[in-house]
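In UniProt numbering, the protein residues as written are 1 to 483.
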Amino acid sequence: MMSCHMEEHSERRQLHAPSRPPDICYHMETVNKQGPHHLMLMWKALDVYDAHGHILGYQVSYTQTKHPFLSVTTNTTDLKVVLLVTEDELEVTVVAYNSAGGSPYSHLKIDLSLHQTLPSVRRLWVNSEDDRLVLHWDVGHISLPVSEVANEWATDAAHPTSSHWKRVNGSTRSTVLKDHLQPGTTYRINVYPISNQLCGPPKSIFANLEYGTLLGAVGMHVVDVTKNTVTVQWEWQRKEVHPKVLRYRVILRLGEIQVESIPVWPEVWQHTFFKLRANTGYSVNLLAETSNDNISREIIPIKTHIFEHNEIMLIIVLLTLGLGVFLILSRTVYKTYFFPNIANPGASVVGRWLLESHHEKNRVKNVLKLEEFLVTDLSGENGFVELGQERPPVREDGIFNPGSSHSTLNIKHIFIPQNTEFIENTSKSNRENRDSSLMFNNVAHIENGQGIHVENCQGSLLPESTQIQCNFDYIKNKHTLEK
Numbered sequence: 001m002m003s004c005h006m007e008e009h010s011e012r013r014q015l016h017a018p019s020r021p022p023d024i025c026y027h028m029e030t031v032n033k034q035g036p037h038h039l040m041l042m043w044k045a046l047d048v049y050d051a052h053g054h055i056l057g058y059q060v061s062y063t064q065t066k067h068p069f070l071s072v073t074t075n076t077t078d079l080k081v082v083l084l085v086t087e088d089e090l091e092v093t094v095v096a097y098n099s100a101g102g103s104p105y106s107h108l109k110i111d112l113s114l115h116q117t118l119p120s121v122r123r124l125w126v127n128s129e130d131d132r133l134v135l136h137w138d139v140g141h142i143s144l145p146v147s148e149v150a151n152e153w154a155t156d157a158a159h160p161t162s163s164h165w166k167r168v169n170g171s172t173r174s175t176v177l178k179d180h181l182q183p184g185t186t187y188r189i190n191v192y193p194i195s196n197q198l199c200g201p202p203k204s205i206f207a208n209l210e211y212g213t214l215l216g217a218v219g220m221h222v223v224d225v226t227k228n229t230v231t232v233q234w235e236w237q238r239k240e241v242h243p244k245v246l247r248y249r250v251i252l253r254l255g256e257i258q259v260e261s262i263p264v265w266p267e268v269w270q271h272t273f274f275k276l277r278a279n280t281g282y283s284v285n286l287l288a289e290t291s292n293d294n295i296s297r298e299i300i301p302i303k304t305h306i307f308e309h310n311e312i313m314l315i316i317v318l319l320t321l322g323l324g325v326f327l328i329l330s331r332t333v334y335k336t337y338f339f340p341n342i343a344n345p346g347a348s349v350v351g352r353w354l355l356e357s358h359h360e361k362n363r364v365k366n367v368l369k370l371e372e373f374l375v376t377d378l379s380g381e382n383g384f385v386e387l388g389q390e391r392p393p394v395r396e397d398g399i400f401n402p403g404s405s406h407s408t409l410n411i412k413h414i415f416i417p418q419n420t421e422f423i424e425n426t427s428k429s430n431r432e433n434r435d436s437s438l439m440f441n442n443v444a445h446i447e448n449g450q451g452i453h454v455e456n457c458q459g460s461l462l463p464e465s466t467q468i469q470c471n472f473d474y475i476k477n478k479h480t481l482e483k
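Pasting the structure below:
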């Protein structure tokens, strides 16, 4: 019994705990701004020289910086663990242990407020070559320097029992997986870019040894056609398409001439061809490339438009404006020649003013009053001539004719000597003897053109109120006759 105890103690002395802590990187994925975060921790397996035997598992602990007394610990045999955390500041420790003990602690402080993100890889594709799977990817779009790329593969199951890992240098764009692969088994392959303590989210693809990548591009259709561009879309479906499919291509052809050819990957589901000819027929071909031949999946004929949408709208607007101007001009010309405007005096201001009746009354009122032109007796005693005016006749339409100069003088009293010389001492008896019949001319003549100018009056000096016909001019003022 003593010998058995000594052998067990000797074996323990030969075993050593891992001498190096595991290298940790993390990726934080926010579910929502107010909810918890998914913290993915990933580390690299220790080398044989650092592990000092078989690694039994890893112990992961995290502590909230604001509450250091609260600590959560979990154990796993995998090289990855996903934790659900609610705090923004954490301290994480990872320990690898074997039968002899644990490795030194690997510490990691995480501040989500200063957290940087690393995008996933692109153009991930898997080709099958015999009993191996060849992985291809691209990290050229990542701004941070990629130090390593981690490849993980496991059976396509809801809860795989274990996963396998392989790490390569960050400058590498492909690798070969040949361990832990079985024919007829589908594997889920994840690829992670790593930059120091940051790692990107996994890019996943399904593959097997018989077909390689189990994805196919199907359902290509046109989504937009313009004067110079064509946009097509397609879908990726998980299916066994054809053995040894290297990649898919979308090819644009003009007749038999290949205009453009681009490779497409599972993250690409749309492409736009630019700088095309207007009003030209093209064809778009979705092609599956294999090691032996190319398989045409779908061909779609397309014809570009003559005008762009904005050009069509501009043409419509210009045609509408031109039609409106034409209709307006046609209406104006038609109305001018077939329905001319007829003048309506009642519709104008001047016409309405002329048709108002008060203008006639105003003109009558402005005529000189002839009773003011009273000619007194030339002797200064009893002889006088009294002139009275009769209004000229009014036309049937009720409008006074001011142009007529013919009027009737009603002579009530007149006393005129036979000659033009005035004799101051002429006796009254002699004047009365001259009251005989008399024909006279130029009676009541007023010099210098002032007063009433009576011409060519003919009549008899007969009893009172005898009428004579005279032609006269209306003068503004009245004057006494001079010699």
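Where a beta carbon is used, it is the ideal one built from N, C-alpha and C, also for glycine. Treat the numbers as computed from the prediction; the structure is a model and nothing was measured.
Inter-residue spacing [alpha-carbon to alpha-carbon] between residue i and residue j
| i | j | result |
| --- | --- | --- |
| phenylalanine 339 | leucine 354 | 27 Å |
| leucine 318 | tyrosine 337 | 29 Å |
| leucine 124 | aspartate 131 | 19 Å |
| glutamate 148 | histidine 37 | 25 Å |
| histidine 445 | glutamate 356 | Any reading at histidine 445 needs caution, since the residue's pLDDT is 40, under 50, leaving its predicted position unreliable; the model's value is listed next. Cα-Cα distance, rounded: 39 Å. |
| cysteine 25 | valine 223 | 42 Å |
| serine 143 | valine 94 | 28 Å |
| alanine 17 | threonine 161 | 26 Å |
| asparagine 292 | isoleucine 205 | 24 Å |
| residue 486 | valine 82 | One cannot answer for residue 486 here, as it falls past the ends of the chain, which runs 1 to 483. |
| arginine 20 | lysine 44 | 11 Å |
| threonine 280 | isoleucine 295 | 26 Å |
| threonine 229 | asparagine 310 | 14 Å |
| methionine 313 | threonine 304 | 17 Å |
| serine 163 | threonine 185 | 14 Å |
| arginine 167 | tryptophan 153 | 12 Å |
| phenylalanine 384 | alanine 347 | The pLDDT assigned to phenylalanine 384 is 47, lower than 50, so where the model puts this residue is not dependable, and the model offers no usable value. |
| residue 486 | glutamate 210 | This structure cannot speak to residue 486, because the chain is shown only from 1 to 483. |
| valine 191 | glutamate 267 | 14 Å |
| residue 491 | glutamine 34 | Because the chain here runs from 1 to 483, residue 491 falls outside it and cannot be looked at. |
| leucine 114 | serine 61 | 21 Å |
| glycine 324 | valine 349 | 34 Å |
Under 8 Å between C-beta atoms of residue i and residue j
| i | j | result |
| --- | --- | --- |
| tyrosine 97 | serine 103 | yes |
| isoleucine 189 | asparagine 127 | no |
| glycine 57 | threonine 76 | yes |
| tyrosine 248 | alanine 278 | no |
| residue 531 | glutamate 308 | Summary: the structure shown does not reach residue 531, with the chain confined to residues 1 through 483, and so no result is reported for it. |
| phenylalanine 274 | leucine 252 | no |
| arginine 173 | tryptophan 265 | no |
| threonine 246 | threonine 290 | One detail in the question is off: residue 246 reads as leucine in this sequence, not threonine. The answer is yes: Cβ separation under 8 Å. |
| valine 146 | proline 202 | no |
| glycine 212 | lysine 244 | yes |
| lysine 239 | leucine 214 | yes |
| isoleucine 262 | histidine 271 | yes |
| valine 92 | isoleucine 110 | yes |
| glutamine 237 | valine 218 | yes |
Endpoints, the alpha helix (DSSP H) within which residue i is located
| i | result |
| --- | --- |
| isoleucine 328 | 309-338 |
| aspartate 50 | 48-51 |
| leucine 133 | Premise fails: leucine 133 lies in the beta strand (DSSP E), 132-138, not in any alpha helix (DSSP H). |
| glycine 351 | 349-355 |
Beta-carbon contacts of residue i that lie in its chain and below 8 Å, excluding the five residues immediately before and after
| i | result |
| --- | --- |
| leucine 15 | His52, Gly53, Asn98, Ser99, Ala100 |
| methionine 220 | Val232, Gln233, Trp234, Val250, Val284, Leu286, Arg297, Glu298, Ile300 |
| lysine 66 | Glu87, Glu89 |
| asparagine 344 | Gly351 |
| leucine 84 | Pro36, His37, His38, Leu39 |
| valine 31 | His37, His38 |
| aspartate 23 | Trp43, Lys44, Ser106 |
The beta strand (DSSP E) enclosing residue i, as first and last residue numbers
| i | result |
| --- | --- |
| glycine 219 | 216-225 |
| phenylalanine 273 | 270-273 |
| threonine 155 | 148-155 |
| valine 94 | 89-98 |
| tyrosine 211 | Premise fails: tyrosine 211 is in no beta strand (DSSP E) and is neither H nor E. |
| tryptophan 43 | 37-43 |
| proline 160 | Segment: none, proline 160 is in no beta strand (DSSP E) and carries neither H nor E. |
| glutamate 240 | Per DSSP, glutamate 240 belongs to no beta strand (DSSP E) and is neither H nor E. |
Anticipated Cβ contact below 8 Å, residue i with residue j, distance rounded
| i | j | result |
| --- | --- | --- |
| histidine 141 | proline 119 | 7 Å |
| methionine 28 | leucine 112 | 6 Å |
| lysine 80 | leucine 41 | 7 Å |
| aspartate 169 | tyrosine 187 | The sequence given here has asparagine at residue 169, not aspartate. The Cβ separation is near 23 Å, so there is no contact. |
| glutamine 116 | leucine 181 | Incorrect: roughly 35 Å between the Cβ atoms, too far for contact. |
| isoleucine 306 | tyrosine 282 | So it is not a contact: roughly 15 Å between Cβ atoms. |
Same chain, Cβ closer than 6 Å to residue i, five either side skipped, listed in chain order
| i | result |
| --- | --- |
| phenylalanine 440 | A caution first: phenylalanine 440 carries a pLDDT of 39, below 50, which makes its placement in the model too unreliable to give a value. |
| glutamine 458 | Any reading at glutamine 458 is ruled out, since the residue's pLDDT is 42, under 50, leaving its predicted position unreliable. |
| glycine 449 | In this prediction, glycine 449 scores a pLDDT of 37, lower than 50, which makes its location untrustworthy; the coordinate-derived value is nonetheless stated afterwards. Cβ neighbours of glycine 449 beyond the five flanking positions: none. |
Own chain residues within Cβ distance below 7 Å of residue i, not counting five before or after
| i | result |
| --- | --- |
| aspartate 50 | Pro18, Ser19, Arg20 |
Near the ligand NAD: residue i beta-carbon under 7 Å from a heavy atom
| i | result |
| --- | --- |
| asparagine 310 | Absence of the ligand NAD is noted for the structure shown, with no ligands found whatsoever. |
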